[in-house]
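*Asks:* One structure, as structure tokens, below. Some questions next.
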Amino acid sequence: MPRMIGALLILIASGAAGFAASRLFYQRVLQLEAFTRLISHIAAEIDSFSSPLDRIFAGYRDETLEKCGFLPALRRSGWAAALDECGGRLYLTAAERAELVKFFGGIGRRGRDETARHCAFYEKRLAALAQSARGELAGRMKVCRTLGLLAGAMLAILLL
3 MPRMIGALLI LIASGAAGFA ASRLFYQRVL QLEAFTRLIS HIAAEIDSFS SPLDRIFAGY
63 RDETLEKCGF LPALRRSGWA AALDECGGRL YLTAAERAEL VKFFGGIGRR GRDETARHCA
123 FYEKRLAALA QSARGELAGR MKVCRTLGLL AGAMLAILLL
């Protein structure tokens with residue numbers, strides 16, 4: 003009986019780990035979409051009001067970027083420090099981070115029209131990355147969940 007309970011606990015724990023791992027892929031999609039909204043907001047603020055970046059960042063709210071700590075760090079330390087500070091809580095690939103570095107590195111260094119084109123380009127680019135990630139999401143989540151359950155079942159069988 004104790005072995006059976008142990009096997010069941012192993013199965014439940016590994017299944018939960020698989021579900022938790024699948025949640026990270028979902029968070030990645032949410033973060034890409036949140037960055038796309040941020041870029042859209044920056045473009046609108048610069049185009050409509052010619053607002054400086056610190057004022058744009060101070061007035062922007064997004065639950066996803068707030069939860070990972072990016073927006074508070076952005077307001078406090080700037081974009082480069084925010085990306086570094088939130089490294090473990092941003093579930094983006096290296097290529098996606100590189101796109102953000104290119105975007106933030108080029109913002110505010112040009113005139114209004116060039117900045118609008120810059121924002122439009124990266125907004126489309128990040129939207130495409132988010133769309134691609136969303137397309138892969140169901141398969142990746144299913145694999146994580148299945149592997150978690152299968153690993154737990156394998157360990158449970160070995161225990162019995």
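For the sequence shown, this note's numbering assigns the number 3 to the initial residue and increments by one for each residue that follows.
Quick reminder that beta carbons are idealized off the backbone N, C-alpha and C, glycines included.
No experiment lies behind these values; they were computed from the predicted model shown.
#1: Using 8 Å as the Cβ pair cut-off and three pairs as the minimum, do the region 21 to 36 and the region 147 to 159 touch?
#2: Identify, in the order they occur along the chain, each residue of the same chain with its Cβ nearer than 6 Å to the Cβ of D163, setting aside the five sequence neighbours on each side.
#3: To the nearest angstrom, report how far apart A82 and I41 are at their CA atoms.
#4: In angstroms with no decimal places, state the Cα-to-Cα distance between F72 and R99.
#5: Pull up the distance between the alpha-carbon of G107 and that of A140, whole angstroms please.
#6: For G154 and G17, which I take to be in contact (beta-carbon distance under 8 Å), what is that distance rounded to the nearest angstrom?
#7: Roughly how many whole angstroms lie between the Cα atoms of Q133 and L34?
#8: Buried or exposed for V103, going by 16 or more other Cβ atoms inside 10 Å?
#9: Just mark I1 as buried or exposed, buried being the case when its beta carbon has 16 or more other beta carbons within 10 Å.
#10: How would you write the range of the alpha helix (DSSP H) that Y124 sits in, first residue to last?
#11: Could you please give the first and the last residue of the uninterrupted alpha helix (DSSP H) stretch that includes T66?
#12: Under a three-way DSSP split, which group does I109 fall into?
#13: Less than 8 Å separating the beta-carbons of E47 and I58?
#14: Mind reading off the beta-carbon distance from E87 to A75? Whole number of angstroms is fine, and I expect it under 8 Å.
#15: Mind checking L32: buried by the 16 CB within 10 Å criterion, or exposed?
*Replies:* Considering the structure as presented:
#1: yes
#2: With the chain covering only 3 through 162, there is no way to say anything about residue 163.
#3: 16 Å
#4: 13 Å
#5: 33 Å
#6: 5 Å
#7: 9 Å
#8: exposed
#9: One cannot answer for residue 1 here, as it falls past the ends of the chain, which runs 3 to 162.
#10: R114 to L161
#11: E65 to K69
#12: coil
#13: yes
#14: 5 Å
#15: buried
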